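Scroll down for the structure; my scribbles are underneath it.
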Amino acid sequence: MTARWTIPAFSGYGIELEYVIVDRETLAVRPIAGELLRLFGGQDASDVQRGQLGWSNELVAHVVELKNIAPAPALEMLPSTFQLEVR
Numbered sequence: 000m001t002a003r004w005t006i007p008a009f010s011g012y013g014i015e016l017e018y019v020i021v022d023r024e025t026l027a028v029r030p031i032a033g034e035l036l037r038l039f040g041g042q043d044a045s046d047v048q049r050g051q052l053g054w055s056n057e058l059v060a061h062v063v064e065l066k067n068i069a070p071a072p073a074l075e076m077l078p079s080t081f082q083l084e085v086r
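Under numbering that gives the first Met the number 0, the sequence shown has 34 at position 35, and the numbering climbs by one with no breaks.
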């Protein structure tokens, strides 16, 4: 893999949040990660880019990962970006 640019160590941040999809009443796992990504992306996909963030399916069908696509120069901007995405 070839990087498009090189940044010094500790100059960029990447955050990944993993969410388990469960039934809101029973908390039983719901294997619908593929359906969720299809809803967001409009087609079958294991990765969907939404602005600065991306959603992807993890190893199991009941887990999705939310991450910033490109390294962020500061952590301060990331919490609000993630919060807006998961509402």
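Glycine included, each C-beta is placed from N, C-alpha and C at the ideal position. Since this is a predicted model, take the numbers as computed values, not measurements.
Checklist entry - If we count the other Cβ atoms within 10 Å of its Cβ and call it buried at 16 or more, is Trp-54 buried or exposed? => result buried
Checklist entry - Can you tell which of Gly-33, Ile-6, Thr-5, Gln-48 has the C-alpha that lies nearest to the C-alpha of His-61? => result Gly-33
Checklist entry - Which ranges would you report for the beta strand (DSSP E) in the stretch 28-68 if only whole runs of at least 3 residues count? => result 46-49, 52-56, 62-67
Item to check | Bridge partner(s) assigned by DSSP for Val-21 | outcome: Val-28
Checklist entry - Applying the criterion that 16 or more other CB atoms from any shown protein chain within 10 Å of the CB defines a buried residue, is Val-21 buried or exposed? => result exposed
Checklist entry - Within 10 angstroms of its Cβ, does Val-85 collect 16 or more other Cβ (buried), or is it exposed? => result exposed
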